[in-house]
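Take a look at the structure below.
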Amino acid sequence: MHTKEVGKKLFLIDLQTGGFKNLIASYVLKGDEIAIVETGPTSSIPNLLKGLEELNVKPEKVAYLAITHVHIDHGGGAGTALKSLTNAKVIVHPKGAAHLNDPTKLWAASQETLGPVATMFGKPEPVPEDRIIVATEGETLSLGKGLALTAIEAPGHASHNLAYYEHLNRGLFPGDAAGAYFADSDIIFPTTPPPFRPDIALASLDKLVEFKPEVLYFSHFGKAPEGIKLLGHYQAQIRMWLKITRDGVRRGESTEAICERILREDLTIQKAIPAVATDPVSRKTLIENSVEGFIQFVKNPRT
Ligand SMILES: [Zn+2]
């Protein structure tokens, strides 16, 4: 199992979902109370529990599971995790609560969008209503020893994406509001599947920048120094993809052609290509789904 200290009283567990390293992270905050940010999906909850053991955290000592959004790779495992984390409550955006409690629709949508990747993540189990805490903009959870999480509404990737700012480490858990991070090449990759809203995502990023995070803690994947710089790069990248997609749609190009154009013109992605091109999961979840989010927005902008 892979656990790592990534800040003051802050630890990362590599969930190794489906055997893939550096794909999905959970974070453990050890204050007077213990909180976990992101449970990851159902299939890797055994790995989450092993990680807690490695960190000498007894399952019954975990007080909170703060999830950034209910997509099954982030909060899908919450229901299963609660069976072992007997005193924990799940923190979620108000719009996500119903999906945690009854994941039927969420699971159907996940299977449709992700296909075999959804199977790899596993079907979410329901979270009992009395174990859900809804968090809204600006609410702060103090864990003791200086650790505190402030919830920030950061829609765009999902309409209910919460980011969490952690005060002791001046760090930000963006969920998927700031893309996916590739530590090897220090670059961000868009996480923009339909129904993606680039306009709303850019406004959320403006808000995250205002917190001046020194460090980003990505769910996909890991600790990234120079938080503000990366958020700025991601904004520029979203604008570039939007422009390429607009041009492509105007010319009547196929999805495949627009994907190819983005792969050619986005130098950031060219840098990351070796990692993405060799891994079918990354290719499906990162490139194709993300480009499709832009295409659908351009063809049918919602307001
Ligand atoms: Zn995700």
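Each position in the sequence shown, counted from 1, maps to that position plus 1248 in my numbering.
Even glycine gets a Cβ: it sits at the ideal position worked out from N, Cα and C.
Predicted, not measured: the structure shown is a model, and the values here were computed from it.
Of the residues the options, the one placed nearest residue i, counting alpha carbons only
| i | options | result |
| --- | --- | --- |
| Lys-1491 | Lys-1477, Leu-1479, Gly-1480 and Ile-1506 | Ile-1506 |
| Ser-1467 | Leu-1420, Glu-1281 and Ile-1476 | Leu-1420 |
| Lys-1393 | Arg-1379, Asn-1417 and Pro-1372 | Asn-1417 |
| Asp-1192 | Ser-1390, Asn-1537, Asn-1349 and Ala-1431 | For residue 1192 there is no data in the structure shown, the boundaries of the chain being 1249 and 1551. |
| Asp-1262 | Val-1285, Glu-1281, Lys-1278 and Thr-1440 | Val-1285 |
Cross-strand partners of residue i (DSSP beta bridge)
| i | result |
| --- | --- |
| Ala-1314 | Val-1285 and Ile-1339 |
| His-1481 | Answer is none; His-1481 lacks a bridge partner. |
| Phe-1369 | In the DSSP output, where bridge partners are listed per residue, Phe-1369 has none listed. |
| Phe-1268 | Paired residue(s): none; Phe-1268 is not in a bridge. |
| Gly-1363 | Partner(s): none; Gly-1363 has no beta bridge. |
Neighbour-count burial assignment, residue i, 16 or more Cβ in a 10 Å radius
| i | result |
| --- | --- |
| Gln-1237 | Nothing can be reported for residue 1237: it is not among the residues displayed for the chain, which extend from 1249 to 1551. |
| Glu-1385 | exposed |
| Thr-1388 | exposed |
| Pro-1342 | exposed |
| Lys-1471 | buried |
| Arg-1445 | buried |
Which of helix, strand or coil DSSP assigns to residue i
| i | result |
| --- | --- |
| Asp-1262 | strand |
| Phe-1421 | strand |
| Gly-1496 | helix |
| Ser-1538 | helix |
| Pro-1473 | strand |
| Glu-1462 | coil |
| His-1415 | coil |
| Ala-1428 | strand |
C-beta neighbour in chain D for residue i, strict 8 Å
| i | result |
| --- | --- |
| Leu-1330 | Included in the structure is just one protein chain, with no chain D present. |
Residue range of the unbroken beta strand (DSSP E) whose run includes residue i
| i | result |
| --- | --- |
| Glu-1508 | First-last for Glu-1508: 1503-1513, but that is the alpha helix (DSSP H), not the beta strand (DSSP E). |
| Gly-1327 | It is not in any beta strand (DSSP E) - Gly-1327 instead sits in the alpha helix (DSSP H) that spans 1326-1332. |
Terminal residues of the alpha helix (DSSP H) in which residue i lies
| i | result |
| --- | --- |
| Gly-1455 | Looking at the sequence shown, residue 1455 is not Gly but Lys. From DSSP, the alpha helix (DSSP H) with Lys-1455 extends over 1446-1458. |
| Ala-1396 | Looking at the DSSP string, Ala-1396 is not in any alpha helix (DSSP H); the run it does join, the beta strand (DSSP E), is 1395-1401. |
| Lys-1197 | The requested residue 1197 does not occur in the structure, where the chain is confined to residues 1249 to 1551. |
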